[in-house]
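Let me begin by presenting the structure, written as structure tokens, before commenting on it.
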């Protein structure tokens, strides 16, 4: 009992300046059937399944706004630099209207399609890691799907960039290249593109985003990033234990 009280007191002192953040989620689903403009007229197929953090505090608002902006951007087909939609529902309507504007141009009877999901990969008192999966078909030989991650500081709601995780990013890059070569059977003494990859200037680089699970760092190259569409997404991962010498302590 005395030890338990001491441990509780110690942890309270240790964590005092960084109050634990508990978050809960709700699931939001939007399809074309939910939109008034689809009640009587032809519509694209839309399935958007995403999470929202409950509560009206600043952190929840910041992260929920970021989630919505990513969905809006994924649905954007306009020629303007930035989407004009201010909500997920408005973005879905604009996607459908774009289909109606162009459907008569198709030689065959085609429908636009959008499937988007946002899910939790991992969270603790300090970090939230989310996975975004998008698939859009807007004509052509095939659609295009992509997966990426976003990480957030639960003390502030701010996005954590890939380099923010490391105190020695260059050292981690060396480790990551070794892991990638091993996963894809590329000898260390040969070019990183020896087996057909498309790394710029024959130099290994990480994908644009990194996911974080309980024990691993997750990486996904989407089609066309470093290989052809036919090769599909290319995955590899590194354990936090292996990455420990390069990671900042708060992310171990």
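Numbering (the working numbering), first residue to last: 21 to 272. Glycine is no exception: its CB is placed at the ideal position from the N, C-alpha and C atoms.
- prompt: Alpha carbon to alpha carbon, how far is residue 268 from residue 171?
  reply: 15 Å
field: Three-state class that DSSP yields for residue 255 in the structure shown
entry: strand
query: Which class does residue 175 belong to by DSSP, given the choice of helix, strand or coil?
result: coil
- prompt: At a cut of 8 Å, does the segment 188-202 reach the segment 100-111 through at least three beta carbon pairs?
  reply: no
- request: Please go through the same chain and pick out, in chain order, the residues whose beta-carbon is closer than 7 Å to the beta-carbon of residue 44, but skip the five residues on each side of it.
  value: 74
- request: Please state whether DSSP places residue 44 in a helix, a strand or coil.
  value: coil
- request: Report the residue ranges of all beta strand (DSSP E) runs contained in full by the segment 212-253; include only those spanning at least 3 residues, in chain order.
  value: 230-232, 236-241
field: Delimiting residues of the beta strand (DSSP E) encompassing residue 7
entry: Outside the shown range of the chain, which is 21 to 272, sits residue 7, and nothing can be said about it.
field: Sequence-distant residues of its chain with Cβ nearer than 6 Å to residue 58 (five each side left out)
entry: 52
- request: Answer yes or no: do residue 231 and residue 139 have a C-beta to C-beta separation smaller than 8 Å?
  value: no
message: In whole angstroms, give me the CA-to-CA distance for residue 224 and residue 214.
response: 12 Å
- prompt: Would residue 229 pass as a contact of residue 169 if the rule is Cβ separation under 8 Å?
  reply: yes
query: How close, in whole Å, do the beta carbons of residue 116 and residue 64 come, if the pair is a contact with beta carbons under 8 Å?
result: 5 Å
field: Range covered by the alpha helix (DSSP H) that runs through residue 84
entry: 78-95
task: Count the other C-beta atoms from every protein chain shown that fall within 10 angstroms of the C-beta of residue 90, then say buried if there are 16 or more, exposed otherwise.
output: buried
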